[in-house]
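Below is one structure, written out as structure tokens, with a few remarks after it.
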Amino acid sequence: MKKVLVTGGSRGIGKAITEKFLEHGYEVAAPTRQELDLLDSESIEKYVQAHKEDGFDIIVNNAGINDIHEIENITDEEIERMIATNLVAPIKLLRGFTESMKQKKYGRIVNIGSIWAVVSKGGRCVYSATKNGIHGVTNTLAVELAADNILVNTVCPGFTMTELTVKNNTPEEIAQISANIPMQRMARPEEIAEVVYFLCSEQNTYLTGQKITVDGGYTER
Ligand code: NDP
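Numbering (our numbering), first residue to last: 300 to 520.
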């Protein structure tokens with residue numbers, strides 16, 4: 300049975316991804332923040348050491364945070380927190396777990412990016428930097444690990460109805476954003492999970508290094 304690690308599986312897109320793999324009979328580890336705190340290097344190291352030997356066949360770096368401020372108003376703490384959670388933690392987890400994938404000659408990795416790594420919007424300087432950064436991780440590892448049958452991709456969700464979206468937008472803003480999406484609605488978390496699942500499934504044998512945008516046509520307008 301293939302083993303999957305999903306970060307940020309407690310809610311939103313991560314929860315939908317976790318449920319999708321469980322539905323298909325995979326064994327899923329979706330650690331809580333108590334088990335794996337991405338802001339805490341020691342916690343990451345402890346988690347890696349505890350699971351390194353068996354490892355995972357599939358890793359989905361999904362957890363992410365987005366504090367929206369224009370550049371003059373971003374605090375040092377927010378800058379460091381976003382970079383640590385969205386970029387440094389995924390790199391450390393991958394560093395810990397690629398060795399066992401190499402030994403098995405099998406691995407599937409999906410890093411969750413964002414439409415804000417495809418197009419721009421004010422207030423997202425650090426968030427966009429981390430999401431562009433995570434695609435850099437995808438690019439490099441796709442090349443570095445391909446010979447070991449490890450496929451690495453970025454999925455960039457568009458506006459998706461999760462707590463993060465509700466926190467960052469008023470109901471009026473959500474209605475207005477939806478009207479600007481060619482599909483006329485935000486994504487459901489399950490619609491993002493479906494694409495992640497395909498990329499990590501046995502069906503994907505050759506697609507690697509790509510940035511796949513799932514946004515109802517938003518970035519094509
Ligand atoms: P949510 O805010 O709904 O959930 C975030 C998840 O990340 C939670 O499970 C949370 O855990 C976890 N998390 C955050 N910080 C840490 C930490 N320090 N350690 C461990 N876990 C942590 O996010 P979404 O589902 O909306 O987003 C998921 C991903 O999709 C993110 O990478 C986001 O950037 C990206 N995305 C989302 C979009 C959207 O419209 N929603 C659009 C584009 C991209 P806990 O429950 O403990 O807080």
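Using N, Cα and C, we set each Cβ at its ideal position, and we do this for glycine too.
Remember, predicted model here, so these are calculated numbers, not experimental data.
In this structure the segment 482-493 touches the segment 453-464; the number of beta carbon pairs closer than 8 Å is three or more. Per the coordinates, the alpha-carbon of residue 302 lies some 16 Å from the alpha-carbon of residue 348. Residue 410: member of the beta strand (DSSP E) spanning 406-411, first to last residue. Going by DSSP, residue 452 is part of the beta strand (DSSP E) stretching over 449-456. Runs of alpha helix (DSSP H) with 4 or more residues, each lying fully within the segment 420-487, are found at 424-444, 462-467 and 470-478, listed in chain order. Residue 391 carries a helical assignment under DSSP once its states are collapsed to helix, strand and coil. Not one heavy atom of ligand 1 falls within 7 Å of the beta-carbon of residue 419. Secondary-structure assignment with DSSP links residue 304 through a beta bridge to 328 and 358.
Going by DSSP, residue 510 is part of the beta strand (DSSP E) stretching over 510-513. Rounded to whole angstroms, the Cβ separation of residue 476 and residue 516 is 13 Å, and the two are not in contact under 8 Å. Of the other Cβ atoms in all chains shown, fewer than 16 fall within 10 Å of the Cβ of residue 465; this residue is therefore exposed.
Relative to ligand 1, the beta carbon of residue 384 is positioned inside 7 Å of a heavy atom. Secondary structure at residue 386: helix, using DSSP grouped into helix, strand and coil.
By the Cβ-count criterion, residue 356 is buried, with 16 or more other Cβ atoms from all chains shown falling within 10 Å of its own Cβ. Residue burial is scored here from C-beta neighbours: residue 444 has at least 16 other C-beta atoms within 10 angstroms and is therefore classed as buried. Closest in C-alpha terms to residue 411, from the list 338, 436 and 380, comes 436. For residue 388, the number of other beta carbons within 10 angstroms of its own is at least 16, and it is reported as buried.
Between residue 421 and residue 369 a beta carbon distance of about 6 Å is seen, short of the 8 Å cut, so the two are scored as contacting. Relative to ligand 1, residue 453 has its C-beta separated by 7 Å or more from all heavy atoms.
Annotation for residue 451: 408, 437, 440, 441, 444, 507 and 508 place their beta carbon closer than 7 Å to its own, counting only its chain and skipping 5 residues before and after. Secondary structure at residue 311: helix, using DSSP grouped into helix, strand and coil.
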